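Enquirer: My questions all concern the structure below.
Protein chains: 6
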Amino acid sequence: MFPNKRVQSLVGRRIHVEMKGEKFVLEGVLASADDYLNLHLSGANEILNGERKRLLGSVILRGNNVVLINPLKE
Amino acid sequence: MFPNKRVQSLVGRRIHVEMKGEKFVLEGVLASADDYLNLHLSGANEILNGERKRLLGSVILRGNNVVLINPLKE
Amino acid sequence: MFPNKRVQSLVGRRIHVEMKGEKFVLEGVLASADDYLNLHLSGANEILNGERKRLLGSVILRGNNVVLINPLKE
Amino acid sequence: MFPNKRVQSLVGRRIHVEMKGEKFVLEGVLASADDYLNLHLSGANEILNGERKRLLGSVILRGNNVVLINPLKE
Amino acid sequence: MFPNKRVQSLVGRRIHVEMKGEKFVLEGVLASADDYLNLHLSGANEILNGERKRLLGSVILRGNNVVLINPLKE
Amino acid sequence: MFPNKRVQSLVGRRIHVEMKGEKFVLEGVLASADDYLNLHLSGANEILNGERKRLLGSVILRGNNVVLINPLKE
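Chains as they are written, first to last, in the numbering used here: chain Y, 19 to 92; chain W, 19 to 92; chain G, 19 to 92; chain L, 19 to 92; chain X, 19 to 92; chain B, 19 to 92.
Here it is in structure tokens:
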């Protein structure tokens with residue numbers, strides 16, 4: 019399974035996402051993902067030092083600025 | 019709904035946008051968005067520490083430099 | 019009007035452009051723009067703290083490194 | 019063999035990956051790779067100063083943020 | 019004339035190029051340029067504070083990392 | 019000769035490559051290169067202050083993170 023299909027298989031699950039630029043980390047439920055790894059998360063939080071820092075709710079993330087995606091254990 | 023269509027569904031609403039590079043944050047009304055997440059905002063302000071810092075008015079933002087898009091509550 | 023067409027509608031007008039990397043800001047007359055937001059400016063100046071810092075004349079700017087485009091009032 | 023095919027030939031082997039931004043280094047088994055060098059690693063660890071710092075498990079890495087890929091000796 | 023054609027019109031002339039990342043500046047004769055603004059310079063020098071710092075000779079520059087291109091007066 | 023063909027003409031020769039991010043410099047023999055300037059180097063070393071710092075061996079470099087390619091004299 020190619021990496022982008024692997025991401026799309028995670029729709030509905032909580033994921034951990036690390037974005038480019040000063041370690042900007044988010045967690046939320048993956049609502050949708052396209053082949054460019056543009057991501058739509060619902061119930062997203064910004065995470066700092068492992069703690070929830072900021073409630074963002076519904077966010078769209080630009081794929082080219084995604085560094086790493088990690089499914090969270092449930 | 020794919021992430022770029024989700025963004026296009028926000029046309030006419032106020033959004034919060036975080037750009038790449040030193041936490042450059044804007045808020046404004048989404049006038050248009052294409053599939054690359056190039057954005058046209060009207061009545062845009064630059065935001066610093068949650069305060070309006072600079073009135074920009076009509077701005078175009080390059081999609082690949084968009085990190086995060088968040089609809090604002092109205 | 020999609021964001022790139024909005025930029026092309028500004029040909030012949032003075033624009034303010036913010037580039038990626040250490041807040042590199044330019045102003046000049048938009049001579050041409052393509053769909054990738056590659057820009058050709060004439061009579062361009064680099065701007066620092068709102069002052070003209072360096073006369074550049076004719077410059078080409080690579081679209082993916084453009085963060086923000088703002089038409090200037092005339 | 020083109021570079022992306024060379025990467026795909028490493029599927030099933032442990033690789034060392036250096037990502038953009040503050041020397042973010044990972045090691046893991048390459049589960050899949052596409053032509054954009056999007057990578058799916060299993061059993062991935064973040065590496066700091068040559069030591070395993072953080073167990074990440076299954077991760078997807080965005081190709082444009084990959085700087086360097088190096089097969090590990092086994 | 020679109021920006022990339024404008025660059026191609028400069029083949030054979032000395033140009034000033036500013037690259038992404040810590041103000042990396044080069045000058046040299048433009049030997050070729052494609053539509054992505056990948057550039058081949060001959061007789062290139064790295065420039066620091068307006069002085070020639072390092073003779074590089076023949077160099078290829080990746081278009082997406084080009085910030086600004088400026089023809090030099092002759 | 020377009021810049022990417024110029025790079026492909028260097029296959030089999032030692033090249034100097036500067037990557038994006040904190041002046042990450044490598045030298046090695048170019049084993050292959052595609053049109054995106056993805057590079058496969060063999061016998062690669064990381065270079066720091068003109069000295070060989072780290073033997074990397076076979077490495078793949080992502081084209082969009084390549085800043086500059088320079089053939090080495092032999």
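Backbone N, C-alpha and C define an ideal beta-carbon position, used for all residues, glycine too.
A quick note: this is a predicted structure, and the numbers were derived from the prediction, not measured.
Nearest CA to the CA of Val77(X): which residue from Lys71(X), Ile87(X) and Asn56(X)?
Expert: For Val77(X), the closest alpha carbon among the candidates Lys71(X), Ile87(X) and Asn56(X) is that of Asn56(X).
Enquirer: Which residues in chain G sit within 9 Å of Ile87(W), going by Cβ to Cβ distance?
Expert: Within 9 Å Cβ-Cβ: nothing; Ile87(W) doesn't reach chain G, min ~13 Å.
Enquirer: What is the C-beta distance between Leu73(X) and Asn63(X), in whole angstroms, given that I count them as a contact (C-beta under 8 Å)?
Expert: 6 Å
Enquirer: Kindly indicate which three-state DSSP category Arg32(G) falls into: helix, strand or coil?
Expert: strand
Enquirer: My assumption, with CB atoms under 8 Å, is that Val85(G) sits in contact with Phe42(W). Please give the rounded CB distance.
Expert: Separation of the CB atoms of Val85(G) and Phe42(W) is rounded to 7 Å, and the pair is thereby assigned contact status at 8 Å.
Enquirer: Looking only at its own chain, which residues have a Cβ that is under 8 Å from the Cβ of Gly81(L), when we skip the five neighbours before and after it?
Expert: Closer than 8 Å at the Cβ level, and outside the excluded window around Gly81(L), lie Asp52, Tyr54, Leu55, Asn56 and Leu57.
Enquirer: Are Arg32(G) and Leu79(G) close, meaning C-beta to C-beta below 7 Å?
Expert: With contacts defined as CB atoms closer than 7 Å, Arg32(G) and Leu79(G) fail to qualify as a contacting pair.
Enquirer: For Glu45(L), write down the residues that DSSP places opposite it in a beta bridge.
Expert: His34(L) and Asn63(L)
Enquirer: Quick check: the Cα distance between Ser27(Y) and Asn83(Y), rounded to an integer number of angstroms?
Expert: 20 Å
Enquirer: Mind checking who Gly75(Y) pairs with in its DSSP beta bridge?
Expert: Ala62(Y)
Enquirer: Would you list the one or two residues that DSSP bridges to Ser27(Y)?
Expert: The partner list for Ser27(Y) (beta bridge, DSSP) is empty, contrary to what the question assumes.
Enquirer: Can you tell me which of the three DSSP states Asn88(G) falls into?
Expert: strand
Enquirer: Check the Cβ-Cβ distances between Val29(L) and every residue of chain B, and say whether any is below 7 Å.
Expert: no
Enquirer: Taking only beta-carbon positions, decide if Asn83(L) is within less than 7 Å of chain Y.
Expert: yes
Enquirer: Report yes or no: is there a C-beta of chain W within less than 7 Å of the C-beta of Asn56(Y)?
Expert: yes
Enquirer: With a threshold of 7 Å between beta-carbons, can Val25(G) be considered close to chain W, or not?
Expert: It does; some Cβ of chain W falls within 7 Å.
Enquirer: Nearest to Ile65(X) by CA position, among Glu45(X), Lys38(X), Ala49(X) and Val29(X), is which residue?
Expert: Glu45(X)
Enquirer: At the 7 Å Cβ level, is Val77(Y) part of the contact set with chain C, yes or no?
Expert: This model lacks chain C altogether; the protein chains it does include are Y, W, G, L, X and B.
Enquirer: Show which residues of chain G have a CB atom less than 9 Å away from the CB atom of Asn22(X).
Expert: Asp52, Tyr54, Asn56 and Ile78
Enquirer: Find out if the Cβ-Cβ distance for the pair Lys71(X), Gly39(G) is shorter than 7 Å.
Expert: no
Enquirer: Rounded to the nearest angstrom, how far is the Cβ of Gly30(B) from that of Leu48(B), given a contact under 8 Å?
Expert: So it is a contact: roughly 7 Å between Cβ atoms.
Enquirer: Please list, in chain order, all residues of the same chain as Ser50(W) whose beta carbon is under 8 Å from its beta carbon, the five residues on each side excluded.
Expert: Val29, Leu57 and His58
Enquirer: When you compare only the Cα positions, how much space is there between Asn22(W) and Val25(B)?
Expert: 35 Å
Enquirer: Going straight from the alpha carbon of Glu69(X) to that of Gly68(G), what length do you get?
Expert: 27 Å
Enquirer: I want to verify the contact list: residues of chain G whose CB lies under 8 Å from the CB of Lys38(W), in sequence order.
Expert: Within chain G, the residues whose beta carbon sits less than 8 Å from that of Lys38(W) are Lys38 and Val85, listed in sequence order.
Enquirer: Please name the residue or residues paired with Arg70(L) in a DSSP beta bridge.
Expert: Ile65(L)
Enquirer: Would you mind telling me which residues of chain X sit closer than 7 Å to Leu74(G), beta carbon to beta carbon, in chain order?
Expert: Asn88
Enquirer: To the nearest angstrom, report how far apart Glu92(B) and Met19(L) are at their CA atoms.
Expert: 24 Å
Enquirer: Who are Leu57(Y)'s beta bridge partners in DSSP?
Expert: Within the DSSP secondary-structure output, Leu57(Y) pairs in a beta bridge with Ala51(Y) and Leu79(Y).
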